[in-house]
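Okay, so the sequence shown: first residue is 171 according to this note's numbering, each after it adds one.
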Amino acid sequence: MASKSKKTNGRVYLVGAGPGEPGLMTLRGRDLIAQADCLVYDALVAPAMLAWTKPDCEKIYVGKRAGNHALPQEEMNALLADCAGKYTCTVRLKGGDPYVFGRGGEEAEYLHAAGIPFEVVPGITSAIAGPAYAGIPVTHRSCCSQFTVFTGHEGAGKQPCALDIKGIAAAQGTKVMLMGMSRLRATMEALMAAGQAGEVPAAAVQWAATGRQKKVIATVASLADAAEAAGVGAPAVVVIGEVVNLAEKLDWRARLPLAGRRIVVTRTREQAGELSAALSALGADVMELPTIRIADPTDRRDFAEAVVDSPHYDWLIFSSPNGVQRFFRAFFAVYEDIRELGGARIAAVGPATAAELKKYGLMVDVMPQKAVAEELVAEFDRKADDFGGVANVTMLWVHSEQGRDVIYKELMKRQAIVDECIAYNTVPETEDPTGAGARLAQEGADVITFTSSSTVRNFMALNIPLPKDCRIASIGPVTTATLREFGLAPHVEAREYTIPGLVQAVQSLFA
Ligand code: SAH
């Protein structure tokens, strides 16, 4: 039981995460995740949502994984009470809707009894979204005017059977079953024995609204065999009814260009979002396996001093979007006004870095179309007449601890006075809260994407063998060169060295 003696202002939010696709979460739910001091989540929650949390949010996984059982409900309740004692905002994130077979009701009752304030944020249930993502509307004017949702968990073969099999068999309209895969055959047989027509169309949709979505279409009588043959198992939504006849015609999802392709994203968890979202939107099954993390530079004092001195330079040169973010986070810790930066000219290594600068209202004076150091130097040469060259000009070069020193050396050669501002350190990511590493090793992938040399180096350091037939996509020539150092040849390299360029390159593999 929760100890009532602990005085707390903590609130618990029971939030529905939707069926899988992160875009199907409510705005309210997303805001709460961003505010949460503690996030308690289970297996059917999209990993991408974990990246919406604050950096210091405590994340607690309570689902089943690889042989571990889910937390028993009493322990779950006690955990929520404990979190409410420690944190102002605890988000209990549940797949689909928290009150549709999610035990949300039990948790709410418990919180109420313990005197812990709570709120509920409904989510899109898989009972409706699952069929929709497989081309099946749960109702349709021409064939049904009601639908029934039931759990297969309490169904046939379980003693005592809590399901009203007769009532479900006799019901009109569409029938949707959740948690029914382990007893699928017995439940279908029991329904037929109770009068359900065996020839009515039926479908099972596994991992609906995620990249791993798989469906099988059959009839009530043949669904168990068909699902077995197609390898469709839990978690799946089963739909019974005439609406299933629309599944082929309305399957918009299967027609997406990357449908059925599993693609690995190795960027940092914070930065994976843009690439993952673009690939998911094209139908891909995206697996985020962050190999690196952006950390403070080893010499934080040096960095701070360089930022304090930054208004005294003629030029500021930024080598990456991370550098821009880290630089300005430190800048605004010291200065209040962007005008303190003075009138320095600005150079960016490529379009993504320039886009990051634009967020601060800063335009760039020099930027190559191709985001590599050599091109930036060449661009300085091409534009030299515009600003009188770089000789005797002071420059602050903002970059990472790992980068190459091409910019430094080449600009020094041209008599510029270049100081370094090391804004961050790229370190190996050691956490894998979604089990992506194990999944990659077990299930393989169609493509693995590399967005920088450090993603390559740190992926190799993880020692996960590259799956058979897995193709490699590289964001540009520098990353490609690093791949070659490890004896790997990319199957495709982005023509424009940006995330959209990389997405295009991946798509071209399957054109
Ligand atoms: N509260 C959830 C349901 C929890 S019970 C909701 O509203 O969706 C868990 C069951 O939901 C699974 O056994 C499966 O039947 C179904 N389910 C949840 N997410 C699913 C998904 N992405 N694809 C298919 N079925 C899903």
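Note that CB positions come from ideal geometry on N, CA and C, so glycine has one too.
Being a predicted model, the structure only gives us computed values, none of them experimental.
Who are PRO371's beta bridge partners in DSSP? According to DSSP, PRO371 shares a beta bridge with THR389.
Going by the C-beta, is THR315 closer than 7 Å to any heavy atom of the ligand SAH? In the sequence as presented, Thr is not what sits at residue 315; that position holds Ser. Not under cutoff, so the answer is no.
Does DSSP put LYS638 in a helix, a strand or coil? coil
If you scan the region 266-311 from start to end, which runs of the beta strand (DSSP E) of 3 or more residues do you find wholly inside it? Listed in chain order, they are 288-291.
Measuring CB atoms only, is the region 583-600 touching the region 624-632, in the sense that at least three cross pairs come out at less than 8 Å? Yes: the two stretches touch, three or more of their Cβ pairs being nearer than 8 Å.
For VAL137, the residue or residues it bridges with in DSSP: The displayed coordinates of the chain run from 171 to 681. Any statement about residue 137 would go beyond what the structure contains.
So is MET195 in contact with chain D if we call contact Cβ pairs under 8 Å? This model lacks chain D altogether; it includes just one protein chain.
Could you spell out where the alpha helix (DSSP H) holding CYS253 opens and where it closes? 243-256
Verify the contact flag: TRP485, CB atom, against every heavy atom of the ligand SAH, threshold strictly below 7 Å. no
On the criterion of 16 or more Cβ atoms from any shown chain inside 10 Å, does ASP556 qualify as buried, or is it exposed? exposed
If you draw a straight line from the C-alpha of ALA236 to the C-alpha of ASN179, how long is it? Residue confidence is low: ALA236 scores 48 on pLDDT, short of 50, so the model does not pin down where it sits. Its coordinate-derived value is still stated next. Roughly 36 Å between the two C-alpha positions.
Could you give the distance in angstroms between the alpha-carbon of ALA664 and the alpha-carbon of THR621? Cα to Cα, the separation comes out at about 10 Å.
For a minimum of 4 consecutive residues, which ranges assigned as the alpha helix (DSSP H) are wholly contained in the region 527-582? 543-552 and 554-557
Should GLY512 be labelled buried (16 or more other beta-carbon atoms within 10 Å of its own) or exposed? Exposed, because fewer than 16 other Cβ atoms sit within 10 Å of the Cβ of GLY512.
Residues of its chain near LEU420, where Cβ-Cβ distance is below 6 Å and the 5 sequence neighbours each way are ignored: GLY305
With a CB to CB cut of under 6 Å and the five nearest residues on each side skipped, what residues in its chain are close to ILE587? THR564
State the CB to CB distance for the pair LEU632 and THR461, rounded to an integer number of angstroms; the pair is presumed to be in contact (CB under 8 Å). 6 Å
Where the alpha helix (DSSP H) containing PRO670 begins and where it ends: Here the alpha helix (DSSP H) through PRO670 covers 669-679.
For the beta strand (DSSP E) containing LYS691, name the first residue and the last one. Limits of the chain in this structure are 171 at one end and 681 at the other, which puts residue 691 out of reach.
Among VAL560, PHE497 and ASP252, which residue has its Cα nearest to the Cα of ASP484? Checking every option, the nearest Cα to that of ASP484 belongs to VAL560.
Helix, strand or coil for GLU613, going by three-state DSSP, please let me know. In the structure shown, GLU613 sits in a helix (DSSP, three-state: H, G or I).
Quick check on DSSP: helix, strand or coil for PHE689? No statement about residue 689 is possible, as the shown extent of the chain runs from 171 to 681 and does not include it.
Shortest alpha-carbon distance to ASP575 belongs to which of ALA543, ARG641 and ALA302? ALA543
Kindly indicate which residue of LEU658, LYS638 and PRO521 has the alpha-carbon position closest to the one of SER644. Check the Cα spacing between SER644 and each of LEU658, LYS638 and PRO521: the tightest is with LEU658.
Within the same chain, show all residues whose beta-carbon is closer than 6 Å to that of MET582, passing over the 5 residues directly before and after it, in chain order. Sequence-distant partners of MET582 (beyond 5 residues in either direction) whose C-beta falls short of 6 Å from its own C-beta, in its chain, are VAL588.
Quick check: what's the CA-CA separation for MET171 versus TRP422? Residue placement at MET171 is flagged as unreliable, the pLDDT there being 43, under the threshold of 50; the coordinate-derived value follows with that caveat. As the crow flies, the alpha-carbon of MET171 is around 48 Å from that of TRP422.
Excluding five sequence neighbours on each side, which residues of the same chain lie with their C-beta closer than 7 Å to the C-beta of ARG683? The displayed coordinates of the chain run from 171 to 681. Any statement about residue 683 would go beyond what the structure contains.
Please confirm whether any heavy atom of the ligand SAH lies closer than 7 Å to the CB of VAL478. No, since every heavy atom of the ligand SAH falls outside the 7 Å radius drawn around the Cβ of VAL478.
Cutoff 8 Å; reference GLN677; Cβ partners in own chain excluding five residues on either side: PRO427, LEU428 and LEU452
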